[in-house]
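As structure tokens, the structure follows; a few thoughts come after it.
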Amino acid sequence: MEKITPKDVIHKILIFNNANGFEELEKIQDKSFLFFLYKQLEILFEIYQLGKIDKFKKFDFIFERNDNDFKNVYKFLEEEMVINESSDTTSIYILFDELLLYRTLLFAITNHFKSVLSANGITRYPYLKNEKIKEILKNDIENIDMCLSLIISPNYEIFELEKLIQKYNYPNIDLERLYLDNF
0 MEKITPKDVI HKILIFNNAN GFEELEKIQD KSFLFFLYKQ LEILFEIYQL
50 GKIDKFKKFD FIFERNDNDF KNVYKFLEEE MVINESSDTT SIYILFDELL
100 LYRTLLFAIT NHFKSVLSAN GITRYPYLKN EKIKEILKND IENIDMCLSL
150 IISPNYEIFE LEKLIQKYNY PNIDLERLYL DNF
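Note that the sequence shown covers residues 0 to 182 in numbering that gives the first Met the number 0.
Rendered as structure tokens:
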């Protein structure tokens with residue numbers, strides 16, 4: 000049974016952001032790639048209590064939680080580095096803002112659909128270099144995604160796709176296929 004994890008939410012946020020979805024909410028066309036991604040995010044934002052999509056970049060959801068909600072974030076960070084200071088929701092806000100910005104940049108660098116579609120002969124060189132960079136950054140990207148995931152879902156809640164479809168009318172669309180079909 001397919002499941003939706005907080006990492007999936009982060010990935011969808013990155014795709015939406017990379018496609019300028021947050022900046023162009025009012026321009027999203029019906030039945031488009033962004034439309035279905037928006038609909039998925041709308042439901043995921045509700046169940047993960049992240050607020051409305053148009054307000055997401057303010058990260059208000061962080062301040063609606065208390066410091067204890069982020070104990071798993073602190074535990075994760077202790078494994079990654081030594082934490083010698085007390086933290087609060089403001090620190091989590093800054094951490095989330097910085098990591099999401101960094102992860103957004105990494106996403107833009109490491110995700111090129113066009114390169115894969117047009118690569119042959121010597122034009123594969125950029126694609127191969129991109130794959131090498133992705134491999135070098137793989138563990139760091141996974142750690143950043145986990146930290147971001149623990150902030151949006153402190154207990155790393157996982158939902159069954161079928162239940163989301165039944166309860167919330169979650170669009171079960173192959174977004175990658177829809178994107179490539181309209182490329």
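Ideal placement from N, C-alpha and C gives every residue a C-beta, glycine not left out.
Q: Note the first and the last residue of the continuous alpha helix (DSSP H) segment covering SER148.
A: In the DSSP annotation of this structure, the continuous segment of the alpha helix (DSSP H) that includes SER148 starts and ends at 123 to 151.
Q. Which residues bound the alpha helix (DSSP H) around TYR47?
A. TYR47 -> no alpha helix (DSSP H), and no H or E assigned at all.
Q: Would you check if the distance between the CB atom of ASP144 and the CB atom of ILE3 is smaller than 9 Å?
A: Not a contact, by the Cβ cut-off of 9 Å.
Q) Who are the Cβ neighbours of THR109 in its own chain at under 8 Å, not counting the five residues just before and after it? A) Cβ neighbours of THR109 within its own chain (closer than 8 Å, five residues either side excluded): ASN129, ILE132, LYS133, LEU136 and ILE140.
(Q) Does the segment 147 to 164 come into contact with the segment 8 to 24, if we say contact requires no fewer than three beta-carbon pairs (one atom in each stretch) closer than 8 Å? (A) Touching, yes, given that three or more Cβ pairs across the two stretches are closer than 8 Å.
Q: Express the C-alpha separation of ALA107 and ASN119 in angstroms, rounding to a whole number.
A: Between ASN119 and ALA107, the C-alpha separation is close to 22 Å.
Q: State the start and end residues of the unbroken alpha helix (DSSP H) segment that holds SER90.
A: Run containing SER90: 88 to 109, per the alpha helix (DSSP H) assignment.
Q. Any contact of the segment 84 to 104 with the segment 57 to 72, i.e. 3+ C-beta pairs under 8 Å?
A. The segment 84 to 104 is in contact with the segment 57 to 72.
Q. Between the segment 10 to 29 and the segment 38 to 48, do at least 3 Cβ pairs fall closer than 8 Å?
A. These segments touch.
Q | Continuous alpha helix (DSSP H) stretch holding LEU163: start and end | A | Counted as a single uninterrupted DSSP element, the alpha helix (DSSP H) harbouring LEU163 occupies residues 160 to 167.
Q: Would you please state the rounded distance, in angstroms, between the beta carbons of PHE34 and ILE27? I believe it to be under 8 Å.
A: Correct: roughly 5 Å between the Cβ atoms.
**Q.** 7 Å CB neighbourhood of ASN142 in its chain, flanking five on each side removed
**A.** Result list for ASN142: GLU79, in chain order.
Q) If we count the other Cβ atoms within 10 Å of its Cβ and call it buried at 16 or more, is TYR169 buried or exposed? A) With a 10 Å radius around the Cβ and a threshold of 16 neighbouring Cβ atoms, TYR169 comes out buried.
Q. When you compare only the Cα positions, how much space is there between TYR92 and ILE157?
A. Between the C-alpha atoms of TYR92 and ILE157 there is a straight-line separation of about 23 Å.
Q.
Mapping the DSSP letters down to three states, classify ILE3 as helix, strand or coil.
A. Strand at ILE3.
Q: Quick one: grab the DSSP three-state call for ASP53.
A: Residue state, collapsed to three classes: helix.
Q: Classify GLY20 as helix, strand or coil using the three-state DSSP reduction.
A: Looking at GLY20 - three-state DSSP - the assignment turns out to be coil, as it is neither helix nor strand.
Q) For PHE62, does the count of other Cβ atoms within 10 angstroms reach 16, so buried, or fall short, so exposed? A) Its Cβ having fewer than 16 others within 10 Å, PHE62 is exposed.
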